[in-house]
Amino acid sequence: MRKTVSVVENILKANDQLALANRALLEQHRTFAVNFMASPGAGKTSIIVRSVQALKDHFRITGIDGDIATSIDADRMAAAGIPAVQINTGGACHLDAVMVHNALPEVDLPATDLLIIENVGNLICPANFPLGAHLNILIASVPEGADKPYKYPTMYRGVQALLLNKTDLLPYFDFDVDYFRHGVEALNPGLAFFPLSANTGDGLDSWISWLAEQVSHYLTDRH
Amino acid sequence: MHELPFVESILQITLEHAEKAGARKVVALDLVIGQMTSIVDDSVQFYWDILSRGTLAQGARLKFQRLLALYRCQDCGHTYSLDGHHLACPQCDSACVQLVQGDELRLESIEIEA
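Chains as they are written, first to last, in this note's numbering: chain A, 1 to 223; chain B, 1001 to 1114.
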């Protein structure tokens, strides 16, 4: 005898459930976690290094980097003066909650106010794998072109701040800022937006102040 | 992409409900998948065929109800789907738009043999 069983359940992947567990652990230790995502070469590590240099005397910062190979980015974070953990993903094109869960024991959470997680360079997959971070940040860059919000809507929708790096190169590229911003606004209304250059330092202060405010607010907000 | 973890979850939810309903066999699944979820039907089918082997759900037919990504303009009320060129309202060019359909990712029901 056949019958239909009503289910109506959202497919919350195992990853998403573990992301919640990661978040609970971070909350337990009052550690504010930020997940940085971008295409390869957009400037994640450079912006992280500049942010660390500006904030490490105000907050205790630890870094986690995800890459398929090398410890180049964790080394750069360590050179900037913070403890850094390298995850080599073994070919996976994104960090997921499992990898972060397995890396968290290497982080001194009680001694960390701000956990900076640098994701694998990729505009597609990281958007589908929440890590349990408090903030998801996307770094776009001028040479990538202004059509990226239109081509990668899931990524642009899933972040709470957008940095546009390499603004010093605007004179050399055909980047329509209005077209870019129009697309971003439609996908993610009111998204915090920071045009800047990690290279020249232009616009960095606004971004760093905003980040510092998010961290301070979190640390002083007693539940 | 990455349909494997998605299929693992569908299988887990399916077997839970099937066992609770005293099923001998699961014959079909009704999946509702929104356009914004980047889930590819063929990949789901591929992983399903492998993962469901040896379970109550082996051989169950997957039925995909695809929901288009739909935006509604907060200014003029126009509802539209993505055409690959516009994100803002094609009627009034406002960027005050909201996704009203397209994020769905759920198992609606399963058909069992009791």
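Glycine is no exception: its CB is placed at the ideal position from the N, C-alpha and C atoms.
Beta-carbon gap between residue i and residue j smaller than 8 Å
i, j, result
"ALA97 of chain A", "GLY66 of chain A", "no"
"ARG76 of chain A", "THR112 of chain A", "no"
"ARG30 of chain A", "LEU163 of chain A", "no"
"SER197 of chain A", "LYS166 of chain A", "yes"
"ASP16 of chain A", "PRO126 of chain A", "no"
"LEU1068 of chain B", "GLN1035 of chain B", "yes"
"ALA1028 of chain B", "LYS3 of chain A", "no"
"ILE82 of chain A", "ILE64 of chain A", "no"
"LEU1087 of chain B", "THR1055 of chain B", "no"
"VAL5 of chain A", "HIS1017 of chain B", "yes"
"ASN10 of chain A", "ARG1106 of chain B", "yes"
"VAL1100 of chain B", "TYR1080 of chain B", "no"
"ILE1110 of chain B", "LYS1025 of chain B", "no"
"LEU1011 of chain B", "LYS1063 of chain B", "no"
"ALA161 of chain A", "LEU115 of chain A", "no"
"ALA78 of chain A", "ALA84 of chain A", "yes"
"ASP205 of chain A", "ASP168 of chain A", "no"
"ILE1033 of chain B", "GLU1104 of chain B", "yes"
"LEU1004 of chain B", "TYR1047 of chain B", "yes"
"ILE72 of chain A", "VAL120 of chain A", "no"
"PRO149 of chain A", "LEU95 of chain A", "no"
"ALA146 of chain A", "PHE193 of chain A", "no"
For residue i: DSSP bridge partner residues
i, result
"GLU185 of chain A", "According to DSSP, GLU185 of chain A bridges with nothing at all."
"PHE32 of chain A", "A:LEU114"
"SER197 of chain A", "According to DSSP, which records beta bridges pairwise, SER197 of chain A is partnered with nothing at all."
"VAL98 of chain A", "The partner list for VAL98 of chain A (beta bridge, DSSP) is empty, contrary to what the question assumes."
"GLU9 of chain A", "B:LEU1107"
"LEU1067 of chain B", "B:GLY1034"
"TYR1080 of chain B", "B:TYR1071"
"ASP67 of chain A", "A:ASN88"
"ILE61 of chain A", "A:LEU114"
"GLU1113 of chain B", "A:ARG2, B:LYS1025"
"ASP136 of chain A", "For the sequence presented, residue 136 of chain A should be read as Asn rather than Asp. The partner list for ASN136 of chain A (beta bridge, DSSP) reads A:ASN35."
"ARG1061 of chain B", "B:ALA1028"
Neighbouring residues, chain A, relative to residue i (Cβ below 7 Å)
i, result
"ILE1110 of chain B", "VAL5, VAL7"
"HIS1002 of chain B", "CYS125, ASN128"
Contacts that residue i makes with chain A (C-beta to C-beta distance below 9 Å)
i, result
"LEU1113 of chain B", "It should be noted that the sequence gives Glu, not Leu, for residue 1113 of chain B. Those are MET1, ARG2, LYS3, listed as they occur along chain A."
Contact list for residue i against chain B, beta-carbon separation under 7 Å
i, result
"TYR150 of chain A", "LEU1087"
"PRO40 of chain A", "Neighbours of PRO40 of chain A on chain B: none; closest Cβ ~17 Å, over 7 Å."
"PRO83 of chain A", "Going along chain B, no residue has its Cβ under 7 Å from PRO83 of chain A, so there is no contact; the nearest lies around 30 Å."
Contacts that residue i makes with chain B (C-beta to C-beta distance below 8 Å)
i, result
"PRO195 of chain A", "Chain B residues near PRO195 of chain A: none, gap ~18 Å exceeds 8 Å."
Given 8 Å, three or more beta-carbon pairs between the segment 1093-1105 of chain B and the segment 172-188 of chain A: Output reads yes: the segment 172-188 of chain A touches the segment 1093-1105 of chain B.
Near-chain A residues of the segment 1087-1108 of chain B - C-beta to any C-beta below 7 Å: LEU1087, ALA1088, ALA1095, CYS1096, VAL1097, LEU1105, ARG1106, LEU1107, GLU1108
Against chain B: residues of the segment 88-107 of chain A by CB proximity under 7 Å: none
Interfacial residues, the segment 1014-1042 of chain B to chain A, with Cβ spacing under 7 Å: Legend: CB atoms of the segment 1014-1042 of chain B lying less than 7 Å from CB atoms of chain A belong to residues HIS1017, ALA1021, VAL1027, MET1036, SER1038.
Contacting positions in the segment 1048-1068 of chain B - beta carbon closer than 9 Å to chain A: Listed in sequence order: no entries.
Sufficient close CB pairs (3 or more, under 8 Å) joining the segment 138-151 of chain A to the segment 27-47 of chain A: yes
Residues from the segment 136-147 of chain A in contact with chain B, defined by Cβ distance under 7 Å: none
Cβ contact (3+ pairs, closer than 8 Å) linking the segment 1037-1047 of chain B and the segment 39-55 of chain A: no
Short-range partners of chain B found in the segment 6-38 of chain A, where Cβ spacing is below 8 Å: Of all residues in the segment 6-38 of chain A, only SER6, VAL7, VAL8, GLU9, ASN10, ILE11, LEU12, LYS13, ALA14, ASN15 place a beta-carbon less than 8 Å from a beta-carbon of chain B.
Near-chain B residues of the segment 175-190 of chain A - C-beta to any C-beta below 8 Å: Within the segment 175-190 of chain A, HIS182, GLY183, GLU185, ALA186, LEU187, PRO189 place their CB atoms closer than 8 Å to a CB of chain B, listed in sequence order.
Contact set between the segment 153-172 of chain A and chain B, restricted to residues whose Cβ is under 8 Å from the partner: PRO153, THR154, ARG157
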